[in-house]
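Engineer: Numbering (our numbering), first residue to last: 64 to 406.
Can you read through this structure? Questions will come right after.
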């Protein structure tokens, strides 16, 4: 997949109904409408031209804020559909209704991602009062139109003991997948950093999720349980002998997204190697795609010889830890991931 696609995570707006405690968007960037309609369409055209010239397919991860708060989101979605672009929307539940879901279905959305934290009390506390019930309602509408749903869980001290319950609830709700990722202390998330797990706790939660995943595979469950690249699940999977190169009986292992043909576009057109790394590589309107993909910042992050400890690890074909975590915890040095338990 990393060779077939140009993958772009695009913060198309920072307009949002919520103020999530661990949001990676800085407070001074909240509630920005984003680029105008014509600028958005120009970005899509530029990405498409690169893909057509280089034999790649475009995969857009449209996020915010809440993308559905843009008044022109339908026009943008129709434009992507018209050009056969694969796209996922990572948004909120509040604008999901019969009308919006039909619009997304008619225009070929691959998946809609919703955040999922745990109990009603916890989710409403982290995001906004009523978020839990609105998420349940949004799931109902999306499932009814057979739009695949991914529930995204940011693992933290408030929910790490109930990850199995979240998995079983996701199966009961008939969603397509549930994903687990780490809290990174960036943006608004800096004030929530006391909720980040210790290394030994992170190891325990990875083991519990993976054991549950294997058990559900054994019993033929259709629910996909996904580890984001930053979860270090490869360490435990390797101990179990279920990882072997890029392929295995159950899993395919990937490094950090920076090692793919990937970058992130912010609401103002600035481009980052990762949305959780505050390292501007350029601007989508000024720089060519080729220049952005070969940016010195990105190349240094991708150079394994720059990753202390990881550069000699026997799992570095599929794991480098989370580069954003390394950056924020170790004074911008690419040393061992703070949650890595491999000796």
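Ideal placement from N, C-alpha and C gives every residue a C-beta, glycine not left out.
Keep in mind the model is a prediction, meaning the values are calculated, not measured.
Give the straight-line distance between the Cα atoms of residue 129 and residue 275, rounded to the nearest whole angstrom.
Structural biologist: As a first step, residue 129 must be located in the chain shown, where it is residue number 66. As a first step, residue 275 must be located in the chain shown, where it is residue number 212. Computed Cα separation, rounded: 31 Å.
Engineer: Does residue 271 come out as helix, strand or coil in the three-state DSSP assignment?
Structural biologist: Your numbering for residue 271 matches position 208 in the chain shown. Three-state DSSP puts residue 271 in a helix.
Engineer: Look at the alpha carbon of residue 321 and the alpha carbon of residue 292, and state the distance between them as a whole number of angstroms.
Structural biologist: Start at 1 with the first residue of the chain shown, and residue 321 comes out as number 258. Start at 1 with the first residue of the chain shown, and residue 292 comes out as number 229. Roughly 10 Å separates the two Cα atoms.
Engineer: Take residue 312 and list the residues in its own chain whose beta-carbon comes closer than 7 Å to its own, dropping the five residues that flank it on each side.
Structural biologist: Counting from 1 along the chain shown, the entry for residue 312 is found at position 249. Its pLDDT being 40, under 50, residue 312 is placed unreliably in this model, and the value from its coordinates should be taken loosely. For residue 312, where only same-chain residues beyond five positions count, the Cβ hits under 7 Å are 305.
Engineer: In terms of residue numbering, what span does the alpha helix (DSSP H) encompassing residue 126 cover?
Structural biologist: Translated into positions along the chain shown, residue 126 becomes position 63. Run containing residue 126: none in the alpha helix (DSSP H); it sits in the beta strand (DSSP E), 120 to 126.
Engineer: With 16 as the cutoff for other CB atoms within 10 Å, does residue 203 come out buried or exposed?
Structural biologist: Numbered from its first residue, the chain shown carries residue 203 at position 140. By the 10 Å Cβ count, residue 203 comes out exposed.
Engineer: Once DSSP output is grouped into helix, strand and coil, what is the label at residue 245?
Structural biologist: If you number the chain shown from 1, residue 245 lands on position 182. Here residue 245 sits in strand by DSSP.
Engineer: In or out: residue 238 buried (at least 16 other Cβ within 10 Å) or exposed?
Structural biologist: As a position in the chain shown, residue 238 is number 175, starting the count at 1. By the neighbour-count rule (16 or more Cβ atoms within 10 Å), residue 238 is buried.
Engineer: State the Cα-Cα distance for the pair residue 235 and residue 117, rounded to the nearest angstrom.
Structural biologist: Position 172 of the chain shown, counted from the first residue, corresponds to residue 235. Position 54 of the chain shown, counted from the first residue, corresponds to residue 117. Cα-Cα distance, rounded: 42 Å.
Engineer: DSSP has residue 144 in a bridge; who is on the other side?
Structural biologist: Here residue 144 is taken as the residue at index 81 of the chain shown, counted from 1. DSSP output for residue 144 lists no bridge partner at all.
Engineer: Taking the alpha carbon of residue 220 as the point to measure from, which residue in 241, 132, 381 and 261 has its own alpha carbon closest?
Structural biologist: Position 157 of the chain shown, counted from the first residue, corresponds to residue 220. When each option's Cα is compared against that of residue 220, the closest is 261.
Engineer: Give a yes or no on whether the C-beta atoms belonging to residue 369 and residue 397 are separated by under 7 Å.
Structural biologist: Translated into the one-based positions of the chain shown, residue 369 becomes position 306. Translated into the one-based positions of the chain shown, residue 397 becomes position 334. Taking 7 Å as the Cβ cut-off, residue 369 and residue 397 qualify as a contacting pair.
Engineer: Can you grab the Cα-Cα spacing for the pair residue 332 / residue 350, in whole Å?
Structural biologist: The residue you call residue 332 lines up with position 269 of the chain shown. The residue you call residue 350 lines up with position 287 of the chain shown. Rounded to whole angstroms, residue 332 to residue 350 spans 10 Å at the Cα level.
Engineer: Quick one: is the Cβ of residue 206 within less than 6 Å of any heavy atom of the ligand NAD?
Structural biologist: With respect to small molecules bound, the structure shown includes none, and the ligand NAD cannot be examined in it.
Engineer: State the DSSP-derived secondary structure class of residue 388, mapped to helix, strand or coil.
Structural biologist: Locating residue 388 in the chain shown gives position 325, where the first residue counts as 1. If DSSP states are grouped into helix, strand and coil, residue 388 belongs with the helices.
Engineer: Please determine, among 244, 184, 289 and 110, the residue with the shortest C-alpha to C-alpha distance to residue 259.
Structural biologist: Within the chain shown, the letter at position 196 stands for residue 259. Among 244, 184, 289 and 110, the Cα nearest to that of residue 259 belongs to 244.
Engineer: Just the C-alpha distance for residue 106 and residue 302, rounded to the nearest angstrom, thanks.
Structural biologist: As a working note, residue 106 is residue 43 in the chain shown. As a working note, residue 302 is residue 239 in the chain shown. Taking the straight line from one Cα to the other gives about 44 Å.
Engineer: Can you name the start and end residues of the beta strand (DSSP E) that residue 206 belongs to?
Structural biologist: Numbered from 1 along the chain shown, position 143 holds the residue referred to as residue 206. Element bounds for residue 206: not the beta strand (DSSP E) but the alpha helix (DSSP H), 194 to 207.
Engineer: For residue 338, is the classification buried or exposed, using 16 other Cβ atoms within 10 angstroms of its Cβ as the cut-off for buried?
Structural biologist: The residue you call residue 338 lines up with position 275 of the chain shown. Its Cβ being crowded by 16 or more others within 10 Å, residue 338 is buried.
Engineer: Residue 399 and residue 372: beta carbons closer than 7 Å?
Structural biologist: Within the chain shown, numbered from 1, the residue matching residue 399 stands at position 336. Within the chain shown, numbered from 1, the residue matching residue 372 stands at position 309. Contact: yes.
Engineer: Between the alpha carbons of residue 240 and residue 270, how many angstroms are there, rounded?
Structural biologist: Taking the chain shown and counting its residues from 1, one reaches residue 240 at position 177. Taking the chain shown and counting its residues from 1, one reaches residue 270 at position 207. Cα to Cα, the separation comes out at about 18 Å.
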